[in-house]
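If you read the sequence shown in this note's numbering, its first letter stands for residue 1, the second for the next number, and so on. Glycine included, C-beta positions come from ideal geometry on N, C-alpha and C. Quick caveat: nothing in here was measured; it's all calculated off a predicted structure. Structure first, commentary second.
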Amino acid sequence: MQTPADPQDRHEYPSHWEADVVLRDGGTARVRPITVDDAERLVSFYEQVSDESKYYRFFAPYPRLSAKDVHRFTHHDFVDRVGLAATIGGEFIATVRYDRIGPGGTPASAPADEAEVAFLVQDAHQGRGVASALLEHIAAVARERGIRRFAAEVLPANTKMIKVFMDAGYTQKRSFEDGVVRLEFDLEPTDRSLAVQRAREQRAEARSVRRLLAPGSVAVIGVGRTPGGVGRSVLGNLRDAGFTGRLHAVNRAFPDDLKEVDGVPAHRSVRDIDGPVDLAVVAVPAEHVPDVVTECGEHGVQGLVVLAAGYAESGPDGRERQRALVRQARTYGMRIIGPNAFGIINTADGVRLNASLAPEMPRPGRIGLFAQSGAIGIALLSRLHRRGGGVTGTTGVSTFVSSGNRADVSGNDVLQYWYDDPETDVVLMYLESIGNPRKFTRLARRTGAAKPLVVVQGAGQAPPGHAVRATRLPHATVSALLRQAGVIRVDTITELVDAGLLLARQPLPAGPRVAILGNSESLGLLTYDRCLAEGLRPARPLDLTTRASAADFHRALSRALADDSCDAVVVTAIPTIGEGAVGDAELAEALRSAAEEVSGKPVLVVHVELGGLAEALSAAGRTAPSAGATAPGTGGGAHPFRPAERLPTTEAAQAGERLPAADGAEAAQAGERLPAADGAGAAGAAGAGERLPAAEAVDPAEAVAPSVTLPRSPKRFGPEIPETSRTPHPHSRLIPAYPAAERAVRALAEAVKYAQWQREAAEPGKVPEYDDIDERGAAELIGGLLERGEGLTIGAEETCRLLGRYGIDVHRALPAPTPGAAVDAARALGYPVALKATAPHLRHRADLGGVRLDLADEEQLRRAYDELSELFGPPEELRPVVQRMAPRGVDTLVRAVIDPAAGAVVSFGLAGAASQLLGDMAHRLVPVTDRDATSLVRSIRTAPLLFGWRGSAPVDTPALEELLLRVSRLVDDHPEVVAVTLEPVVVAPQGVNVLGATVRLAPPPARDDLGPRTLPAY
């Protein structure tokens, strides 16, 4: 942080303007205000700018800055004169400044709301998107200081700068005078400027991840001199995977005459490497990581994978160490996976990167896999591997990222990469926490429109190593919002894999209609029941009997797929014995040929794992080594994704060999000892850091389902296919097979819901306009009320007035502190009336007897008043009110809240036990569209009560939907409205009646999604 000393500065140094940004090429830069301490940096920067760029900046030859220029460009008041610099390695690479001007273009102060803006970018960094990023930040600063418009004068030949302004998406005016192009543009964000900003964000963040996943050269730092240890193991994994780039082993303790380690060039320092290094895998203890980062930064390394533990997961000291690590790496424009990471994998033929602790490279395929937890990452890779044919061909893993503490690169960054990655068709994510839920839902909605996104979200507290914004929303609400954004939300990693493999190789179903056929009546009925439980519409199962041949299966499946009343088919199969029993491979071929005849409908198999049937189904497309074969680098019985079985488990072995005492400090610097955070073995040292939850332990019930891989060969029946001929075609169609009906049906149900969401997302709803909304009047009322305090729940009269500005009529409730006051209130409102106790313990609790309805006259009102006083105490405790009776209907509840992490959310449910006890509430993000409102009303489990359940009169749901839309508009237009509760809302056959309302106001929380692009602050 800079601390200006100039007494003329009118404001304190605005540290909140400091930010890290990702540039167009994926590198990072630091944006900060320019201060009086930057004089030497400014001069040095200017000396490295070409004469042509200087000419474009000053409209004349300007070889050097005078002392007066330097003073002017480094002394700012941070109000009328502001300068920002983009820095890498502490040195300027670009500057931007604005000067507030008056009508004649002369210097001015507020209330003048226009400023002249000018840029200068070092030639070596032009084309990296630096000017575009600086424009976003200087515009945000200007808006904060009351400036609403920028003016810029540019020479016509300076086409790059003109393009920066023209492409920004702001409302602009362009003119040409005296040989200069003058541009004027408003700074208020527009839909186009936000779209431009988010498109640039996606491209930049995707490229920053691509640089990590597809490096041309990798250095492993902390490689032990003898086999074993984390660094040596990762080096071996990279080599064994067939990494296509240049590989280097680095250890400061290497002897001077050591040239190679395991056939890989050896170096004592990254600085000694001749040529660029794109990615460094850091396997040294945490206390020595800063020295390594400095060396990498000075050598121009683009990204780091930090395996070491001992950071935020270890306590306050580790948390500060993690912050310092991120700050240091960003100083050099580097991005970080980790710390406490398990590593990254890219199976693409042109890369073959295994910079992780997984000794075996996953099969290449179309699934992108992200896990914050190393242990869960191991489990996911292991389950996909055990699928045999289920991950062959194009259904394996494209890329894998295990981010550990995700101090820098997070799931959002990787999602940006996968969005337009042509090698990834399905995204699977295990998220222990969501650091920026508002951004994640935005990215998930966009990604879900292009490809399936399946997520397991941890329900407990975020791990200690994760920086997570506080949210007041319950876990169930966050899950509902993720589903609204198109996320396929599942509960276990088994469901994650089940759904992912179905989505990876089967088409999406057109609807919920399911045909069931097979050779087991009981298994068919079980599948039928599960379909009903999951909300699908199954037809009665077709029992082919145990005598069914492969030809019978083929004919039945062909007929089912050709039936227009069927959207998906589940085939159930049990093994048969005796003469004429169908062979496993023969059955697989029959299913394949039938499925190929009618494309466009998903096919799943539910089998009983007896008689070798499951093995045959998996073997139909197996590319894994046959039984007894030894995978490269694993040894005879090693599990390919259990690093602890390959790496030594003692602390010394995790870190590599201990060096002799004479090597002392040098050994520590070289990273020959990498202690685990919890002493749990190599996985803990590398970032796994925890045991696999018991619920996820592998047992027979959780056995991973194999799959039928169907080569695109001519349709035929015949003998069992020899093992050597089962290599799948790269574009083979895979029929997933599951060992339990509930697993298959759950995966299918998720595919049905996702397909429905995708169809609806293709035609998004609209936010309606209402002529009777008084937005300006509401803003004035809110402003006046907020002058009373920082946050307050406004009174009943103000609540009615504010809601009335948005066309929401609230039934008046008049206080009745005495029987006489109750009578006067009833006369003012008109009989019949209701008498209600509003004491906190009785409010909205009609079941306790604190409400009397349909009081037709004064006598009934006085009698009811006496009864309530006798039952519950004196009026000062009851707080009774009188309210005009509303038409009979269904009591509902409408809420809106602005959550600091997720944003504004509208919730709906039935009032009383349904919402309070059972949690039967539905939620939508603001702004709510007409389509959202329609689905919101129908999403709760008790929705049938609104539509004539058991002969009751249907209520006015269109009026209810309009109320939801008006509440959404209120909180969207006025972020100062941080909470609204309407309860009860009585929905009658004609119209809605709001009987109770509370509104809370507060200064609006900051919205980083509307500001300039930034990385999370550290």
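Opposing strand residues paired with residue i [DSSP bridges]
i	result
Arg1011	Before going further, note that residue 1011 is Gly rather than Arg in the sequence given. Gly1011 is not bridged to any residue.
Pro33	Leu84
Asn993	Val986
Phe1019	This structure gives no information on residue 1019, because the portion of the chain shown stretches from 1 to 1018.
Ser402	Gly343, Ala371
Met429	Phe370, Val455
His554	The partner list for His554 (beta bridge, DSSP) is empty, contrary to what the question assumes.
His607	Ala573
Closest residue to residue i among the options (Cα-Cα distance)
i	options	result
Ile345	Asp956, Pro359, Arg182	Pro359
Val987	Arg1000, Ile147, Leu945	Leu945
Leu995	Val980, His475, Asp809	Asp809
Arg203	Tyr528, Tyr419, Val454	Tyr419
Ala839	Glu859, Leu868, Gly600, Pro819	Leu868
Ser968	Ala407, Ala595, Ile898, Val21	Ile898
Pro927	Ile940, Asp186, Val180, Ala485	Ala485
Arg888	Asn993, His811, Val905	Asn993
Arg207	Val270, Glu597, Gly27, Asp930	Gly27
Glu780	Gly179, Ala762, Leu802, Val426	Leu802
Thr929	Tyr13, Glu295, Val767	Val767
Ala820	Pro875, Glu798, Arg192	Here the sequence assigns Gly to residue 820, which means Ala is not the residue at that position. Among Pro875, Glu798, Arg192, the Cα nearest to that of Gly820 is on Pro875.
Val230	Val454, Pro285, Val180, Asp186	Pro285
Gly90	Asp584, Ser935, Pro103, Glu40	Glu40
Glu742	Asp891, Ala594, Lys836, Ala533	Ala533
Glu47	Asp123, Gly777, His75, Asp567	Asp123
Lys753	Met429, Val414, Val487	Val487
Ala904	Ala551, Val851, Met921, Val980	Val980
Gly127	Leu23, His75, Pro227	Leu23
Thr1014	Glu12, His16, Ser433	His16
Ala761	Ala444, Leu194, Leu591	Ala444
Pro63	Leu587, Glu52, Pro541	Glu52
Glu961	Ala548, Gly951, Glu976, Ser935	Ser935
Residue span of the alpha helix (DSSP H) that contains residue i, given as start and end
i	result
Phe119	Phe119 -> not in any alpha helix (DSSP H); beta strand (DSSP E) instead, spanning 114-121.
Lys836	No alpha helix (DSSP H) holds Lys836; the beta strand (DSSP E) holding it covers 833-837.
Asn237	230-241
Tyr332	Premise fails: Tyr332 is in no alpha helix (DSSP H) and is neither H nor E.
Thr818	It is not in any alpha helix (DSSP H) - Thr818 carries neither H nor E in the DSSP assignment.
Glu961	957-973
Ala151	Note, Ala151: premise wrong, no alpha helix (DSSP H); beta strand (DSSP E) at 149-154.
Ile488	Careful: Ile488 lies outside any alpha helix (DSSP H), inside the beta strand (DSSP E) at 488-490.
Pro875	875-878
Val164	159-166
Phe1019	The question about residue 1019 has no answer, for the chain in this structure spans 1 to 1018.
Glu313	It is not in any alpha helix (DSSP H) - Glu313 carries neither H nor E in the DSSP assignment.
Asn251	From DSSP, Asn251 is part of no alpha helix (DSSP H); its letter is neither H nor E.
Ala140	130-144
Inter-residue CB distance, residue i and residue j (contact presumed, cutoff 8 angstroms)
i	j	result
Asn247	Val282	Contrary to the premise, residue 247 reads as Leu rather than Asn in this sequence. Not really, about 15 angstroms apart at Cβ, beyond 8 angstroms.
Glu114	Ala168	About 17 angstroms; that fails the 8 angstroms criterion.
Arg924	Val906	5 angstroms
Val427	Val454	7 angstroms
Ala914	Thr942	5 angstroms
His811	Gln883	6 angstroms
Beta carbon proximity, residue i to chain D, threshold 7 angstroms
i	result
Gly511	Chain labels in this structure do not include chain D; a single protein chain is all it has.
Host beta strand (DSSP E) of residue i (start-end)
i	result
Val264	264-267
Thr441	Not the beta strand (DSSP E): Thr441 falls in the alpha helix (DSSP H), residues 437-448.
Lys173	172-177
Asp274	Unbroken run through Asp274: none, as it is neither H nor E.
Gly600	Run containing Gly600: none; DSSP gives neither H nor E here.
Subject >> the stretch 313-329 / the stretch 265-284 touching (three or more Cβ pairs under 8 angstroms) >> reply: no
**OP:** Take every Cβ of the stretch 493-505, pair it with every Cβ of the stretch 477-484, and state whether three or more of those distances are shorter than 8 angstroms.
**Re:** no
Subject >> Stretch-stretch touch, CB-based, cutoff 8 angstroms, three pairs: the stretch 367-384 with the stretch 395-402 >> reply: yes
Original post:
Does the pairing of the stretch 178-186 with the stretch 138-153 give three or more beta-carbon distances under 8 angstroms?
Top reply: yes
Subject >> the stretch 22-38 in contact with the stretch 78-98 per 3-pair CB rule at 8 angstroms >> reply: yes
Subject >> the stretch 347-361 in contact with the stretch 407-414 per 3-pair CB rule at 8 angstroms >> reply: no
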